[in-house]
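Shown next, in structure tokens, is the structure this report addresses.
Residue numbers (the working numbering): 7 to 136.
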């Protein structure tokens, strides 16, 4: 059974790159995209994603607040916070909001695939937020 991965990022180019990257590494998985946190939250109701790759810096609601709301709506959804900033305070905020992992955009090639593989396998959080 195909699992669902949602990308929430306001940059179309980044969403496209992430989609191609995910399709190459996780063939057969269903991938949906949202441009804003609000759109992602609305889509999550219908799409019922297993994992959400959530950008931190979004217009309107940021990724931390969106993660908090998403986890309140659907506690089983695993969220990977994706950001350009490697900040201990952001990692702590992501963990407090319910993110299972925190990956910086400069480490996507090295870190995102193993994190997603673990989450999609149902192995839970990877302890990288704190």
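Idealized CB from N, CA, C, for every residue including glycine. The model shown is predicted, which means the values in this text are computed figures rather than measured ones.
Whole-number beta carbon distance between residue j and residue i, since they are thought to touch under 8 Å
{"i": "residue 25", "j": "residue 13", "result": "6 Å"}
{"i": "residue 88", "j": "residue 111", "result": "6 Å"}
{"i": "residue 15", "j": "residue 65", "result": "Actually they are not in contact, since the Cβ atoms of residue 15 and residue 65 sit about 11 Å apart, beyond 8 Å."}
{"i": "residue 43", "j": "residue 67", "result": "4 Å"}
{"i": "residue 59", "j": "residue 11", "result": "7 Å"}
{"i": "residue 35", "j": "residue 63", "result": "So it is not a contact: roughly 25 Å between Cβ atoms."}
{"i": "residue 20", "j": "residue 38", "result": "Contact doesn't hold; Cβ gap of about 15 Å is too wide."}
{"i": "residue 23", "j": "residue 55", "result": "Not confirmed; about 19 Å, so no contact."}
Residue i - DSSP class collapsed to helix/strand/coil
{"i": "residue 9", "result": "coil"}
{"i": "residue 136", "result": "With a pLDDT of 44 at residue 136, under the threshold of 50, the modelled position of that residue is not reliable, and the figure given next carries that caveat. It is coil, neither helix nor strand."}
{"i": "residue 63", "result": "coil"}
{"i": "residue 90", "result": "coil"}
{"i": "residue 109", "result": "strand"}
{"i": "residue 51", "result": "helix"}
{"i": "residue 83", "result": "coil"}
{"i": "residue 73", "result": "helix"}
{"i": "residue 27", "result": "helix"}
{"i": "residue 104", "result": "coil"}
{"i": "residue 35", "result": "coil"}
{"i": "residue 128", "result": "coil"}
{"i": "residue 78", "result": "helix"}
Spatially closest choice to residue i from the options, by CA coordinates
{"i": "residue 121", "options": "28, 8, 47", "result": "28"}
{"i": "residue 105", "options": "65, 54, 81", "result": "81"}
{"i": "residue 57", "options": "85, 22, 114, 101", "result": "85"}
{"i": "residue 93", "options": "79, 109, 83", "result": "109"}
{"i": "residue 46", "options": "76, 107, 118, 117", "result": "76"}
Residues sharing a beta bridge with residue i, DSSP
{"i": "residue 40", "result": "14"}
{"i": "residue 57", "result": "11, 84"}
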